[in-house]
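Undergrad: Below are the structure tokens for one structure; questions will follow.
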Ligand code: NAP
């Protein structure tokens with residue numbers, strides 16, 4: 001970054017701790033952090049660090065190593081537009097291939113030299129006098145002109161508050177913190193949850209475990225997965241025919257965008273998808289009682305639509321049991337449900353999701369008045385264009401409020417956001433601004449826009465409880481419209497919604513005698 005700010009004294013970061021000066025501090029090195037870093041690098045900006053709490057890049061794709069982990073968006077679409085990969089092995093890639101892609105992409109754009117690994121952020125505070133962010137991490141302190149939080153929404157696992165869970169004598173592991181060294185062969189395994197992670201892990205482990213009990217609170221709508229290996233001749237076309245992979249990508253994008261019509265505009269258009277899911281269940285599960293238990297009572301799309309060809313067969317397998325009674329308590333060697341049944345258990349897999357509406361990073365970022373984002377968001381996450389928050393100058397959020405999508409590639413949304421943030425950074429440089437901050441009015445207008453767009457959508461009126469909604473029932477996570485509209489909205493910085501403070505105070509005009 002071309003720093004236009006006069007040298008300010010460094011605020012104290014604690015006794016004996018050196019503070020490293022940087023232009024831009026990016027928290028996280030998943031798709032969002034890497035996308036931001038690469039965009040900066042491609043335009044010649046090198047004054048930035050990527051603060052990564054783990055020892056490698058990759059974010060959620062580094063962390064979610066549970067058996068069966070894969071993406072349910074086709075890789076041709078779920079990848080950077082500027083770093084397409086002609087060599088995907090499958091249409092829907094599995095976790096190791098996506099993680100390898102992210103590692104390769106980081107190397108290709110020489111981003112690793114900017115990474116500080118083991119840099120778990122404990123706090124990021126805005127110092128209004130210095131006009132700098134002071135970021136404290138486990139790997140040292142940083143003083144940055146700009147803070148970009150790309151910590152992600154699927155970063156911190158949720159551990160359910162089940163009585164007795166802490167007394168369990170066997171192994172407990174969250175799907176996002178998988179212990180590959182633990183051998184499940186022949187064990188009595190309990191899987192809690194039936195979301196996107198559970199429906200992948202259950203079929204992957206069911207053949208090797210002794211028994212598997214799937215504890216379902218809410219059934220999911222599941223449609224067939226049209227996954228297949230990518231033929232060598234197709235890979236050659238991707239590699240050698242200019243524009244071909246872009247064409248496939250565009251077709252996938254458009255096809256998926258049709259789902260928004262049903263989810264956000266007119267629910268009648270979801271009917272065929274519901275019928276497809278019902279037929280899938282009928283085809284795969286013969287037992288009417290099990291079928292009934294697996295049939296959701298809410299509109300398809302209200303929760304994320306899941307895709308799988310092997311989840312229902314795994315639940316219907318002789319060594320599997322679908323448990324629909326609530327969990328009353330966990331004992332050292334068993335789980336007891338509210339109907340009084342006690343099931344002996346060796347290992348509990350918590351496929352219980354992530355802190356999405358209560359992002360832990362929000363507790364660590366404190367703005368101008370010393371309050372944290374979490375405190376400011378007590379009544380729900382608010383922002384301008386999902387990227388900036390009044391009272392938090394020079395701070396940008398990637399994968400923050402109302403950017404989530406359930407129907408298409410998150411990478412598309414991330415690239416839209418990165419373009420917006422990059423335009424803001426370039427505007428700061430071009431105008432010689434030390435500080436750029438959005439207005440409360442802009443934030444309020446954006447909140448109203450989201451509320452208006454959310455009205456009548458399946459997420460609010462589909463009859464389900466989901467993490468798309470916060471504790472007040474507001475949609476604070478999803479972008480409730482076509483994604484191309486988000487891209488249009490964030491194409492350029494809405495400069496009129498920001499107050500900029502010049503780096504050097506303007507010369508005082510001569511006072512006439
Ligand atoms: P999730 O969608 O939040 O699902 C959590 C599951 O745990 C739900 O079935 C939930 O039940 C259940 N649960 C939570 N607390 C519980 C409790 N105390 N007792 C019983 N059940 C409980 O989490 P996830 O499956 O990890 O997926 C999260 C997100 O990650 C997805 O929506 C998706 O964005 C992403 N993801 C994507 C993929 C993919 O691309 N294939 C794979 C995995 C994850 P209720 O439904 O009743 O709340």
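Numbering (UniProt numbering), first residue to last: 1 to 513.
All residues carry an ideal CB built from backbone N, CA and C; glycine is no exception.
Given a cut-off of 7 Å, decide if residue 500 and residue 431 are closer than it, judged by their beta-carbon atoms.
TA: With a cutoff of 7 Å on beta-carbon distance, residue 431 and residue 500 are scored as near each other.
Undergrad: Between residue 212 and the ligand NAP, is the CB less than 6 Å from at least one heavy atom?
TA: no
Undergrad: Determine the burial state of residue 377: buried for a count of at least 16 other Cβ atoms within 10 Å of its Cβ, exposed for fewer.
TA: By the beta-carbon neighbour count (other beta carbons within 10 angstroms, threshold 16), residue 377 is buried.
Undergrad: Does the contact criterion of 3 or more C-beta pairs under 8 Å hold for the stretch 81-88 versus the stretch 138-148?
TA: no
Undergrad: Tell me which same chain residues have a C-beta within less than 7 Å of the C-beta of residue 428, skipping the five on either side of it?
TA: 436
Undergrad: Just curious, the beta strand (DSSP E) that residue 187 is in, first and last residue?
TA: Run containing residue 187: none; DSSP gives neither H nor E here.
Undergrad: Using only the heavy atoms of the ligand NAP, determine whether one of them is closer than 6 Å to the beta carbon of residue 197.
TA: yes
Undergrad: Drop a sphere of 10 angstroms on the beta-carbon of residue 239, count the other beta-carbons inside from all chains shown, and report buried for 16 or more, exposed for fewer.
TA: exposed
Undergrad: Tell me the DSSP secondary structure of residue 365 in three-state form.
TA: Residue state, collapsed to three classes: strand.
Undergrad: How should residue 210 be labelled, buried or exposed, when 16 other C-beta atoms within 10 angstroms of its C-beta is the threshold for buried?
TA: exposed
Undergrad: With respect to the alpha helix (DSSP H) encompassing residue 449, which residues constitute its N-terminal and C-terminal limits?
TA: 440-454
Undergrad: How many Å lie between residue 151 and residue 459 at the Cα?
TA: 25 Å
Undergrad: State the Cα-Cα distance for the pair residue 158 and residue 355, rounded to the nearest angstrom.
TA: 6 Å
Undergrad: If we count the other Cβ atoms within 10 Å of its Cβ and call it buried at 16 or more, is residue 260 buried or exposed?
TA: buried
Undergrad: Quick one: does the C-beta of residue 154 sit closer than 6 Å to a heavy atom of the ligand NAP?
TA: Yes - the ligand NAP has a heavy atom lying nearer than 6 Å to the Cβ of residue 154.
Undergrad: Residue 3 to residue 445, Cα distance in whole Å?
TA: Residue confidence is low: residue 3 scores 43 on pLDDT, short of 50, so the model does not pin down where it sits. No coordinate-derived value is stated.
Undergrad: What do you reckon, are the CB atoms on residue 69 and residue 50 nearer than 7 Å?
TA: no
Undergrad: Let me check you understand the geometry: is the CB of residue 479 closer than 6 Å to at least one non-hydrogen atom of the ligand NAP?
TA: no
Undergrad: Please state whether the Cβ-Cβ distance between residue 411 and residue 48 is less than 7 Å.
TA: no
Undergrad: May I have a chain-ordered list of the alpha helix (DSSP H) segments no shorter than 4 residues that lie completely inside the stretch 381-437?
TA: 410-431
Undergrad: Distance check for residue 124 and residue 284, CA to CA, integer angstroms please.
TA: 50 Å
Undergrad: Using 6 Å as the cut-off, classify the Cβ of residue 467 as near or not near the heavy atoms of the ligand NAP, replying yes or no.
TA: Proximity of the beta carbon of residue 467 to the ligand NAP is indicated: a heavy atom of the ligand is located closer than 6 Å.
Undergrad: With contact counted as at least three CB pairs below 8 Å, one residue from each stretch, are the stretch 410-426 and the stretch 222-233 in contact?
TA: no
Undergrad: Residue 208 and residue 24 look like a contact to me (Cβ under 8 Å); what is the Cβ gap, rounded to whole Å?
TA: Their Cβ separation, rounded to whole angstroms, is 46 Å, which puts residue 208 and residue 24 out of contact at 8 Å.
Undergrad: Do residue 63 and residue 176 have their C-beta atoms within less than 7 Å of each other?
TA: yes
Undergrad: Could you please give the first and the last residue of the uninterrupted alpha helix (DSSP H) stretch that includes residue 277?
TA: 271-284
Undergrad: For residue 65, collect the residues of the same chain with a Cβ closer than 7 Å to its Cβ; drop the 5 residues on either side in sequence, then sort them by chain order.
TA: Contacts found: 95, 178 and 180.
Undergrad: Verify the contact flag: residue 346, CB atom, against every heavy atom of the ligand NAP, threshold strictly below 6 Å.
TA: no
Undergrad: Does the stretch 359-379 touch the stretch 389-407, meaning 3 or more C-beta pairs lie closer than 8 Å?
TA: yes
Undergrad: Which of the three DSSP states, helix, strand or coil, is assigned to residue 6?
TA: Caution applies to residue 6, whose pLDDT of 34 falls short of 50 and renders its modelled position unreliable; the model cannot decide the point.
Undergrad: Name the residue from 126, 91 and 405 whose alpha carbon lies nearest to the alpha carbon of residue 366.
TA: Residue 126 is the option with its Cα nearest to residue 366.
Undergrad: Distance, Cα to Cα, residue 452 vs residue 247?
TA: 33 Å
Undergrad: Residue range of the beta strand (DSSP E) that residue 147 falls in?
TA: Where residue 147 is concerned, the enclosing beta strand (DSSP E) stretches over 140-149.
Undergrad: First and last residue of the alpha helix (DSSP H) that includes residue 101?
TA: 95-108
Undergrad: Suppose you measure from the CA of residue 504 to the CA of residue 433; what does that come to, to the nearest Å?
TA: Taking the straight line joining both Cα atoms gives about 8 Å.
Undergrad: Drop a sphere of 10 angstroms on the beta-carbon of residue 462, count the other beta-carbons inside from all chains shown, and report buried for 16 or more, exposed for fewer.
TA: buried
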